[in-house]
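Mapping the sequence shown onto this note's numbering, position 227 (from 1) lands on 1280, and the numbers just tick up by one. Beneath this line is the structure, given in structure tokens, with notes to follow.
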Amino acid sequence: MESHRMKLLGMTMVLAMLTGIGITHAVAAGNVSAQAVASGIPHDFLYGLSFEGKHGIAVGDHGLLMDTADGGATWRKLDKSGVKDGLFSVVRKSGKCMAAGQQGSIVRSDDCIKWANVPPVTNARMLSIHANSKGNAYAVGEFGALLKSSDWGASWNQLAVDWKSILGTEAEPHLYSVNVGEDGSVIVTGEFELIIRSTDGGLNWGVLHKGERSLFGIHVGENGRMLAVGQEGLILRSVNDGKSWTPIKSGTSAILTDVWSSPDGQDAIAVGIRTVVTSTDSGLTFSPEVSKATTRGMHSAVKGIEGAEGARTAFVAGSAGEILKLTF
1054 MESHRMKLLG MTMVLAMLTG IGITHAVAAG NVSAQAVASG IPHDFLYGLS
1104 FEGKHGIAVG DHGLLMDTAD GGATWRKLDK SGVKDGLFSV VRKSGKCMAA
1154 GQQGSIVRSD DCIKWANVPP VTNARMLSIH ANSKGNAYAV GEFGALLKSS
1204 DWGASWNQLA VDWKSILGTE AEPHLYSVNV GEDGSVIVTG EFELIIRSTD
1254 GGLNWGVLHK GERSLFGIHV GENGRMLAVG QEGLILRSVN DGKSWTPIKS
1304 GTSAILTDVW SSPDGQDAIA VGIRTVVTST DSGLTFSPEV SKATTRGMHS
1354 AVKGIEGAEG ARTAFVAGSA GEILKLTF
């Protein structure tokens, strides 16, 4: 059982290192056009991506950091983050950045350029980190690891969660994604299709959904709209703030690692292993985007921005240090 769980935990990372893609020309692919705007060597894998306006940050293997200040048109490598291991997730809020990764590593920056290590409070692999504009941050990872910070990531406390009351077993589930709302509420996804929420700073957790498969990514939108993605092409949709969830046919059995939706909820993109699927009807249906850029390699993270004239652009980070620009 445990070997199976660890296989799922590392599946995206292992497969990522076996696949590599390089710069491609712009290609029309169904609902979107795809173009690579950054690329590295095969071992430059990017796991995490975050945007705030025109400013974006990406993190990856061996402490790799990349940033953009022009809405993703150009990207540059930053100086080392100070960690040798992989960084799996990053968040940018109010001009500040935090990233998390292997061996409980967390790094932070007050300007998203110069980074500093934060004393670790766990050895667990941290798989996702998120924060709101007030500096309230959470990080989640393997074996139920759940950390909280109230000072922009300068210090962290490990939260105790009663997993037996949630799951009915002694299992400590791997946690794969976290989202922190401006009101301080936090939503976490993980193994067993877990979607849990706390509205009291992590003291108590309510179960919004659970099942059998793993959920690797979640997008929390406006007006109660949410999308979660995971194992075997799983997509779950909620339009009532997580009170109920509807499974949506994704058209793929591939692992889906992340999902993003436009502010009005009309357009959505989910990404995964050699897979990009899109929706233009508020997440009711999804269809595959087929091109060399979208069907080769591993796509680990997707984030979108909206231009001044309403044109929407999503950026996808993944294997070979590649960042794809998807316009729709």
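Each residue gets a CB set at the ideal place from its N, CA and C atoms; glycine is no exception. Keep in mind that this is a model prediction, so the values were computed, not measured.
Taken through DSSP and simplified to helix, strand or coil, Glu1246 comes out as helix.
Here the alpha carbons of Thr1299 and Gly1113 stand approximately 32 angstroms from one another. Shown here, Ile1219 sits in a helix according to DSSP, grouped into three states. Taking the C-beta atoms as reference points, Val1369 is found no nearer than 7 angstroms to Trp1313. Sixteen is the threshold: since fewer than 16 other Cβ atoms of the shown chains lie within 10 Å of the Cβ of Glu1285, the residue is exposed. In the structure shown, the three-state DSSP call for His1115 is helix. Going by C-alpha positions, Lys1149 is about 11 angstroms away from Ile1110. Judged by their CB atoms, Gly1135 and Asn1170 are nearer to each other than the 7 angstroms cut-off. Between Ala1152 and Leu1140, the beta carbon gap of about 5 angstroms places them in contact (Cβ cut-off 8 angstroms).
If the five residues before and after Gly1325 are omitted, its C-beta is found closer than 7 angstroms to the C-beta atoms of Ala1307, Ile1308, Leu1309, Thr1310, His1352, all from its own chain and listed in chain order.
Ala1087 is not a Cβ neighbour of Ala1323, given a cutoff of 7 angstroms. In the DSSP annotation of this structure, the continuous segment of the beta strand (DSSP E) that includes Ala1367 starts and ends at 1365-1371. Here DSSP, grouped into helix, strand and coil, assigns Phe1196 to helix.
Per DSSP, the unbroken alpha helix (DSSP H) holding Lys1345 starts and ends at 1345-1348.
For the beta strand (DSSP E) assignment, the uninterrupted runs of no fewer than 3 residues enclosed by the region 1223-1284 are, from N- to C-terminal side, 1228-1233, 1239-1243, 1248-1251, 1259-1262, 1268-1273, 1279-1283. By the beta-carbon neighbour count (other beta carbons within 10 angstroms, threshold 16), Lys1167 is exposed. In the displayed model, Gln1211 falls within a strand according to three-state DSSP. With respect to the 7 angstroms criterion, Ala1184 and Lys1146 are classified as neighbours on the basis of their beta carbons.
Rounded to whole angstroms, the separation of the alpha carbons of Ser1303 and Met1279 is 15 angstroms. Annotated three-state conformation of Gln1088 is strand, per DSSP. In the three-state scheme derived from DSSP, where H, G and I count as helix and E and B as strand, Gly1106 is classed as coil.
Met1179 and Gly1197 do not touch by the CB rule: their CB atoms are close to 12 angstroms apart, not below 8 angstroms. Annotation: the continuous beta strand (DSSP E) that includes Met1179 extends over 1179-1184. Just measuring C-alpha positions, the residue of Arg1129, Met1119, Ala1281, Gly1371 sitting nearest Gly1295 is Ala1281. In this model, Leu1199 and Lys1263 are separated by some 18 angstroms (Cα to Cα).
DSSP links Trp1128 through a beta bridge to no other residue. Beyond the five residues adjoining it in sequence on each side, Val1214 comes within less than 7 angstroms, by CB distance, of Gly1197, Leu1199, Trp1258 in the same chain, given in chain order. Look at Gly1148 here: in three-state DSSP terms it is coil, with no helix or strand label.
Looking from the CA of Asp1317, the closest CA among Glu1275, Arg1349, Ile1240 belongs to Glu1275.
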